[in-house]
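All remarks here apply to the structure that follows.
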Amino acid sequence: MKILVINSGSSSVKYKLIDTKGRQAATLAEGGVEKIGLAGGFLKFKRTDGSKEIVELGLINHNDAVKAILTNLTDPKEGCIASYSEIDAVGHRLVHGGEKFSQSVLINDDVKAKIKECYDIAPLHNPANMTGVEAITSIMPDVPQVGVFDTAFHQTMPPKAYMYALPYKYYAEDGVRRYGFHGTSHRYVSQRVCEFLGVDISKQRIITCHIGNGASMAAVVGGKSIDTTMGLTPVEGLMMGTRVGDVDPGALTYLMTKHGLSAEELQNLINKESGVFGISGVSSDMREIEAAIAAGNERAKLALDMYQLRITKYIGAYAAEMGGVDIIVFTGGVGENQTGLRAEVCETLGFMGVDIDLEINKSTRGTETTISSSASRVKVCVIPTDEELMIARDTEEIVKAL
């Protein structure tokens, strides 16, 4: 089955065309359109030989972006399919399903309405995600579409993990609780690491560390999420590239009062001006942070130390919550590639029986590898995430059942 996976944001649409036939699914094409709604919009895509190409599009909207993607996929020279009709289904990454969706679903009018009901708690993400759904609906009205929610995997959390200690009415009336995000990634790597190690997931206590510009962790017991770091929004939890992560709410109200910040200005501060970028004053990119540290930048060093400490603290907390840990998984752009960060985090976990092979760790970037030593009581692995494959598999399963 050929499935087009769409990840639609406010100014971009990323895509992959995946052929799910056989156990090893094949990526036929991938790329994305950027700067939607701005001058200089463009399509970038990867050819089958690995080379990349950029096509200028000018000022475009989301419908134009999806049309550009489909045109490229069917282009006689650059494309990989002859016509739209070869696309059997479209799977969409949808960020927030609230309590309405605990699994992936076939998108219909009722589902669209429920997604829109979540706009209040995900104003930055859900409306943008829906633009991709509506674009496909207008261009390919007969193709089945499936929604795969970032929050769905974490719907197995117990109330004691997802509730905030706010007056209960704000949960009952407004749905204010921890939902968690990156669920598709946490689900994929927790399943894949057990396949990789040849162990039964139903018997494993796993801590999944999705560490990138946006970062979150999850405690997974028997294949089910029981806790995660992100909350009502993707701001809570770990220190991230530009997001603040855990912070005393009193500090925020203090800053609002002292500096006369509006709610919108505060949103911008905690989402785009904080985290690694806010502390270092250099960048949100870990490669640039490491270069700054090498040049003697003390604030960059402080930012990295804070970043690593948050990860270490949550590993300890989740190990306590689960009564131990069998597997720790690193994934995401930073988790897969920043060898020094993995070493620093794991160095402090010796009391838990964690022992990594420093030489194997040092040579491991973006490949499935066990980096723990034979003496380690906890398996530590690097598993590159593949959210698009997970979305494609869910889409295939739902469409085949129609």
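First residue of the sequence shown? That's 6 in the working numbering, and the numbers climb one at a time after it. For each residue, glycine too, the CB sits at the ideal point set by N, CA and C.
Below-8 Å beta-carbon distance, Tyr89 vs any chain D residue: The chain inventory of the structure shown lacks chain D, comprising one protein chain alone.
Spatially closest choice to Thr400 from Val38, Val110, Leu48 and Glu61, by CA coordinates: Within the sequence shown, residue 400 is the residue found at index 395, counting from 1. For the residues Val38, Val110, Leu48 and Glu61, the minimum Cα distance to Thr400 belongs to Val110.
Cα-Cα separation between Glu364 and Phe186, rounded to whole angstroms: For the purposes of this step, residue 364 is identified with residue 359 of the sequence shown, where counting begins at 1. For the purposes of this step, residue 186 is identified with residue 181 of the sequence shown, where counting begins at 1. If you take the alpha carbons of Glu364 and Phe186, they lie about 33 Å apart.
Sub-8 Å separation of Gly37 and Val18 beta-carbons: Counted from its first residue, the sequence shown places residue 37 at position 32. Counted from its first residue, the sequence shown places residue 18 at position 13. Contact flag set, yes.
Proximity of Thr374 and Cys386 at Cβ, strictly below 8 Å: As a first step, residue 374 must be located in the sequence shown, where it is residue number 369. As a first step, residue 386 must be located in the sequence shown, where it is residue number 381. Yes, Cβ-Cβ distance for Thr374 and Cys386 is below 8 Å.
Cβ neighbour criterion (16 or more within 10 Å) applied to Phe356: The residue labelled residue 356 in the question sits at position 351 within the sequence shown. Burial call: exposed.
From Ser143, Met395, Thr76 and Pro149, residue whose alpha carbon lies closest to that of Leu407: Numbered from 1 along the sequence shown, position 402 holds the residue referred to as residue 407. Comparing Cα-Cα distances from Leu407 to each of Ser143, Met395, Thr76 and Pro149, the minimum goes to Pro149.
Pick from Met235, Gly358, Thr76 and Tyr124 that is closest to Ser88, judged by C-alpha positions: For the purposes of this step, residue 88 is taken as the residue at position 83 of the sequence shown. Checking every option, the nearest Cα to that of Ser88 belongs to Thr76.
Identity of the residue in Asn131, Lys117, Glu178 and Val226 nearest His159 by Cα: Here residue 159 refers to the residue found at position 154 of the sequence shown. Of Asn131, Lys117, Glu178 and Val226, the residue nearest in Cα terms is Val226.
Selected residue, minimal CA-CA separation from Glu35, among Glu402, Gly301 and Asp54: Reading the sequence shown from its first residue, position 30 is the one you call residue 35. Residue Asp54 is the option with its Cα nearest to Glu35.
Distance CB(Thr234)-CB(Glu241) smaller than 8 Å: Locating residue 234 in the sequence shown gives position 229, where the first residue counts as 1. Locating residue 241 in the sequence shown gives position 236, where the first residue counts as 1. In contact: Thr234 and Glu241 (Cβ atoms closer than 8 Å).
Alpha-carbon to alpha-carbon, Gly14 and Ala177: The count along the sequence shown starts at 1 and reaches residue 177 at position 172. The count along the sequence shown starts at 1 and reaches residue 14 at position 9. The straight-line gap from Cα to Cα measures roughly 30 Å.
For Arg304, three-class secondary structure by DSSP: Indexing the sequence shown from 1 puts residue 304 at position 299. Looking at Arg304 - three-state DSSP - the assignment turns out to be helix.
Sequence-distant residues of its chain with Cβ nearer than 6 Å to Met395 (five each side left out): Taking the sequence shown and counting its residues from 1, one reaches residue 395 at position 390. Hits under 6 Å: Thr189 and Tyr193.
Thr262 to Ser279 span [Cα, whole Å]: As a working mapping, residue 262 is identified with position 257 in the sequence shown. As a working mapping, residue 279 is identified with position 274 in the sequence shown. Roughly 18 Å separates the two Cα atoms.
Inter-residue Cα distance where the pair is Gly328 and Gly321: Working through the sequence shown from its first residue, we reach residue 328 at position 323. Working through the sequence shown from its first residue, we reach residue 321 at position 316. So the two alpha carbons sit approximately 11 Å from each other.
Where the beta strand (DSSP E) containing Tyr20 begins and where it ends: Counting from one through the sequence shown, the residue named residue 20 turns up at place 15. Tyr20 -> beta strand (DSSP E) spans Ser17 to Asp24.
Euclidean distance between Cα positions of Thr353 and Met135: Residue numbering aside, residue 353 sits at position 348 when the sequence shown is read from its first letter. Residue numbering aside, residue 135 sits at position 130 when the sequence shown is read from its first letter. Thr353 and Met135: Cα-Cα distance of roughly 43 Å.
N-terminal and C-terminal residue of the beta strand (DSSP E) that His97 is part of: Translated into positions along the sequence shown, residue 97 becomes position 92. That run of the beta strand (DSSP E) goes Ala94 to Leu99.
Residue nearest to Gln343 in terms of C-alpha spacing, selected from Val359, Tyr259, Asn302 and Cys214: Numbered from its first residue, the sequence shown carries residue 343 at position 338. When each option's Cα is compared against that of Gln343, the closest is Cys214.
Residue span of the beta strand (DSSP E) that contains Ala31, given as start and end: As a working note, residue 31 is residue 26 in the sequence shown. It spans Ala31 to Glu39 - the beta strand (DSSP E) in which Ala31 sits, taken as one unbroken run.
Residues near Ala31 by beta carbon distance below 8 Å, same chain, minus five either side: Residue mapping note: residue 31 aligns to position 26 of the sequence shown, counting from 1. If we look at Ala31 and ignore the five residues flanking it on each side, its Cβ neighbours are Ile23 and Asp24.
Under the three-state DSSP convention, the category Val204 falls into: Mapped onto the sequence shown, residue 204 falls at position 199. Three-state DSSP puts Val204 in coil, outside helix and strand.
Between the CA atoms of Asp290 and Met244 - distance to the nearest angstrom: Position 239 of the sequence shown, counted from the start, is the residue given in the question as residue 244. Position 285 of the sequence shown, counted from the start, is the residue given in the question as residue 290. Between Met244 and Asp290, the C-alpha separation is close to 13 Å.
For Ile376 and Ile361, believed in contact at Cβ under 8 Å, the rounded distance: Taking the sequence shown and counting its residues from 1, one reaches residue 361 at position 356. Taking the sequence shown and counting its residues from 1, one reaches residue 376 at position 371. 5 Å between Cβ atoms; contact.
Distance, Gly340 Cα to Asp114 Cα: As a first step, residue 114 must be located in the sequence shown, where it is residue number 109. As a first step, residue 340 must be located in the sequence shown, where it is residue number 335. Each residue's Cα considered, the two are about 38 Å apart.
Val334, enclosing beta strand (DSSP E) - first and last residue: For the purposes of this step, residue 334 is taken as residue 329 along the sequence shown, with counting starting at 1. Ile332 to Thr336 is the span of the beta strand (DSSP E), which, as asked, contains Val334.
Coil, strand or helix - His187 by DSSP: Stepping through the sequence shown from its first residue, residue 187 is reached at position 182. If DSSP states are grouped into helix, strand and coil, His187 belongs with coil.
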